[in-house]
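Colleague: Residue numbers (the working numbering), protein chains in the order written: chain X, 1 to 169; chain U, 1001 to 1559. I have a structure I would like to understand better, so I am pasting it below and will then ask my questions one at a time.
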């Protein structure tokens, strides 16, 4: 009955939590003491001022992922946890990439990013900031392509998710 | 009303009669309000003592134990007591003072982020930031501590909240807990699957733990075990959930459990696990635990189910409720006669035993004598280590809430303050702390608390001059290299007791045990008996670390 490691996968959870100070610390503390790995985390307000939403991507085997959901549910400030992995959803992440691209390289960069429907949000003398929104794979791809120019800085949000259709979580 | 008065009113409204604690700077307003509140305040000599005493009180009475400390060091001194209560699911509310709200975060004098520190070791905690929230928070704290799977809840109250003016009407504020709804009633379909498995079983075993005691399900357990004619093995925390003197009781499971209980669980075809969490001290090597067995797991905490072992039939619910449903649905009990015969044979061949003939003063003999002389009717607390294991092996408990031990955290120094709390919760009962010399030293200052409050608690120190369990492991697994386990410098415990105004007795010979115990249990005073026992006795039988339950060592031969 030892832990099997061959069924390691990645799950996306969304948790509605009380909008109180310290809730994020409780969630973070829970993950660290139970040894769960957070791949991505996003916290936001919701339509209800009393509630916030935490979106978390975690990797682990089935036992770990089941524990993530159960242990989150145990926190008093957590109102509801949903596992969105096998549900039809819209998922988005946003990345800002600052590349070292002077006037001579701008056209080239622009042509790459147009394929990805990315945008230039800042242009400096020797740099550009590019904003990309989409799913993780798309963001990874553009990041890879832009590596040939010197990337000065990258910042990336955690994944946010909503279930398709009128169902709510 | 002042915040401090609101606090007292709220405590009274929750049925609190007694609080344990120590005052200090920022809780002066609270202690001032306690002064003529009518609540009994027990001044301990260390905040850890207050937390364990509240814990002992809670375990004996089933009510919420309350302790109060000041900010900073007062609050951090509660930490071990909170972690202990958290691991053993004990309902407690800890109230800490905090520096003024406008000083928080500035490293003020005696400031500690106690809500941050205790987040992982409490069921929930609060920092009160606005005076108006105080009454609701106290209600929520008691509700959370005492319902579902119980646990400690901490409320951090800044000094200016205690002194703020709060409208009395706020006492009527309702709790607001959207994210907290314990499941009480077991799923019908799961229960009928469980019943189905039980009826088919040939070698069923009830594996029961502290959850049965917490739920008050001992009556249902008794009924179920008898209806099924099913043997019962308990964890340390489950001691007393089922009468140990009953023929169906196999005794304790795990590392120092009985050979019979460990062998039975390894050979069962169906394990009915109730209010347990498959602790590593119980299961031994997980790869070899219950490999041929189906498992029904009943627990009120869904996170416990499937946490350690995969189970065949999970049932989330209050164990009293679930057991009742199972009892009522069993139509044809399994035929267990063969199974019980096998077990009886194991029991006859492998009894719990020690050298009864020796003239040496053995700790097992002392515990057995105490059992005999108290007719098994004392409330027993234990410290942690060899004393704890001998107490659990040789003091049989027939009723719930009468054996208090630090099961999960394994806190040395728990037993004595817990005995103080237990005695206050059960004033007419005989309360005995079965202690070791190492553990007793860790909260020996509470002798002052016991004497001051005229509490006739007894401490039986099984004094072997060692951190006995450490020494045993060093002997067995570290080539006898006794690194730091010898307690040279121990005081004469009887003299220490006398110095505190308690009664002290020293016992060196086997023949002195009975008169000493008799005197202690009849003198009506705080009493310490220092039993100078054989120094290198080992706790046996034993499942060595990493071994399976079926690989117990019964006798240790020195090489």
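Cβ atoms here follow ideal geometry from the backbone N, Cα and C, with glycine treated the same way. Keep in mind that this is a model prediction, so the values were computed, not measured.
In the DSSP assignment, find the unbroken alpha helix (DSSP H) run with residue 944 of chain U in it and report its ends.
Modeller: This structure cannot settle anything about residue 944 of chain U, because the visible part of chain U is limited to 1001 through 1559.
Colleague: Have a look at residue 1160 of chain U and residue 1072 of chain U and give me their C-alpha separation to the nearest angstrom.
Modeller: So the two alpha carbons sit approximately 16 Å from each other.
Colleague: What first and last residue would you give for the beta strand (DSSP E) that runs through residue 153 of chain X?
Modeller: Residues 150-156.
Colleague: Would residue 1550 of chain U count as contacting chain X if we go by Cβ distances under 9 Å?
Modeller: So no, residue 1550 of chain U is outside the interface.
Colleague: Taking any Cβ of chain X, which residues in the region 1120-1150 of chain U have a Cβ under 7 Å from it, in chain order?
Modeller: Here the close residues are 1120, 1124 and 1144.
Colleague: I want to see whether chain X comes within less than 9 Å of residue 1545 of chain U, judged by CB atoms only; does it?
Modeller: Cβ-Cβ to chain X under 9 Å: no for residue 1545 of chain U.
Colleague: Does any residue of chain U bring its CB to less than 9 Å from the CB of residue 53 of chain X?
Modeller: No, residue 53 of chain X does not count as interfacial toward chain U.
Colleague: When burial is assigned at 16 or more other CB atoms within 10 Å of the CB, is residue 155 of chain X buried or exposed?
Modeller: Burial call: exposed.
Colleague: Please list the partners that residue 77 of chain X has in chain U, where partner means a Cβ-to-Cβ separation under 7 Å.
Modeller: By Cβ distance, chain U contributes 1179.
Colleague: Looking at the secondary structure, which residues open and close the beta strand (DSSP E) in which residue 98 of chain X lies?
Modeller: Where residue 98 of chain X is concerned, the enclosing beta strand (DSSP E) stretches over 89-100.
Colleague: On the DSSP bridge list, what partners appear for residue 42 of chain X?
Modeller: The partner list for residue 42 of chain X (beta bridge, DSSP) reads X/55.
Colleague: Got a sec? Which residues, its chain only, sit under 7 Å from residue 1212 of chain U by beta carbon, not counting five neighbours each side?
Modeller: The residues are 1218, 1221, 1238, 1241, 1274, 1275 and 1319.
Colleague: Flag this pair as yes or no: are the beta carbons of residue 1413 of chain U and residue 1080 of chain U separated by less than 9 Å?
Modeller: Cβ distance < 9 Å, so residue 1413 of chain U and residue 1080 of chain U count as in contact.
Colleague: Can you tell me whether residue 1555 of chain U is buried or exposed, with buried defined as 16 or more other CB within 10 angstroms of its CB?
Modeller: Exposed, by the Cβ-count rule.
Colleague: Quick test of your reading: residue 1381 of chain U and residue 1404 of chain U, contact by CB under 8 Å. State the CB separation rounded to the nearest angstrom.
Modeller: Confirmed, Cβ separation roughly 4 Å.
Colleague: Which one of X/166, X/84 and X/91 has the shortest CA to CA distance from residue 139 of chain X?
Modeller: With distances taken between Cα atoms, residue 139 of chain X lies closest to X/91.
Colleague: Within 9 Å (strictly less), CB to CB, does residue 49 of chain X reach chain U?
Modeller: False, the Cβ-Cβ gap to chain U never drops below 9 Å.
Colleague: Measuring CB atoms only, is the region 1148-1163 of chain U touching the region 1088-1096 of chain U, in the sense that at least three cross pairs come out at less than 8 Å?
Modeller: Yes, they touch.
Colleague: Within the same chain, show all residues whose beta-carbon is closer than 7 Å to that of residue 1494 of chain U, passing over the 5 residues directly before and after it, in chain order.
Modeller: Excluding residues within five positions, the ones whose Cβ falls inside 7 Å are 1504, 1505, 1506, 1528 and 1530.
Colleague: Closer than 8 Å, Cβ to Cβ, to anything on chain X: give me those residues from the region 1090-1122 of chain U, in chain order.
Modeller: Result list: 1115, 1116, 1119 and 1120.
Colleague: At 7 Å on the CB atoms, spell out the chain U contacts of residue 153 of chain X, in chain order.
Modeller: Per Cβ cutoff of 7 Å: no residues; residue 153 of chain X is ~31 Å from chain U at best.
Colleague: Closer than 9 Å by beta-carbon distance: list the chain X residues that pair up with residue 1302 of chain U, in chain order.
Modeller: The contacting residues are 70, 73 and 74.
Colleague: For the candidate residues U/1062, U/1400 and U/1449, whose alpha-carbon lies nearest to that of residue 1416 of chain U?
Modeller: Taking only the C-alpha atoms, the option nearest residue 1416 of chain U is U/1449.
Colleague: Can you confirm whether residue 1029 of chain U, when its beta carbon is compared against all beta carbons of chain X, has any partner nearer than 9 Å?
Modeller: Output row for residue 1029 of chain U: interface = no.
Colleague: Starting from residue 1322 of chain U, trace the alpha helix (DSSP H) in both directions and tell me its first and last residue.
Modeller: 1319-1329 is the extent of the alpha helix (DSSP H) around residue 1322 of chain U.
Colleague: At 3 residues or longer, what runs of the beta strand (DSSP E) sit wholly inside the region 1501-1549 of chain U?
Modeller: With a minimum length of 3 residues, the continuous beta strand (DSSP E) runs that stay inside the region 1501-1549 of chain U are 1503-1507 and 1527-1532.
Colleague: Against chain U, which members of the region 21-33 of chain X pass a CB distance test of less than 8 Å?
Modeller: Cβ contacts with chain U: 21, 22, 25, 26, 29, 30 and 33.
Colleague: Apart from the five residues just before and just after residue 2 of chain X, which ones in its own chain have a Cβ nearer than 6 Å to its Cβ?
Modeller: Caution applies to residue 2 of chain X, whose pLDDT of 40 falls short of 50 and renders its modelled position unreliable; the model cannot decide the point.
Colleague: Quick one: grab the DSSP three-state call for residue 1104 of chain U.
Modeller: If DSSP states are grouped into helix, strand and coil, residue 1104 of chain U belongs with coil.
Colleague: Whose Cβ in chain U lies nearer than 8 Å to the Cβ of residue 18 of chain X?
Modeller: Here the neighbours are 1178 and 1179.
Colleague: Which residues in the same chain as residue 1226 of chain U place their Cβ atom closer than 8 Å to its Cβ, once the five residues preceding and following it in sequence are excluded?
Modeller: 1248, listed in sequence order.
Colleague: Reducing DSSP to helix, strand and coil, say where residue 1110 of chain U ends up.
Modeller: It is coil, neither helix nor strand.
Colleague: Which two residues bound the contiguous beta strand (DSSP E) that contains residue 1196 of chain U?
Modeller: Premise fails: residue 1196 of chain U lies in the alpha helix (DSSP H), 1188-1200, not in any beta strand (DSSP E).
Colleague: Do you know how far the Cα of residue 1402 of chain U is from the Cα of residue 1368 of chain U?
Modeller: For residue 1368 of chain U and residue 1402 of chain U, the distance between alpha carbons rounds to 17 Å.
Colleague: Give the secondary structure of residue 1155 of chain U by DSSP, where H, G and I count as helix, E and B as strand, and everything else as coil.
Modeller: Residue 1155 of chain U falls in the strand class under three-state DSSP.
Colleague: Can you list, in chain order, the residues of its chain with a C-beta nearer than 6 Å to that of residue 168 of chain X? Leave out the 5 residues immediately preceding and following it.
Modeller: Around residue 168 of chain X: no qualifying Cβ.
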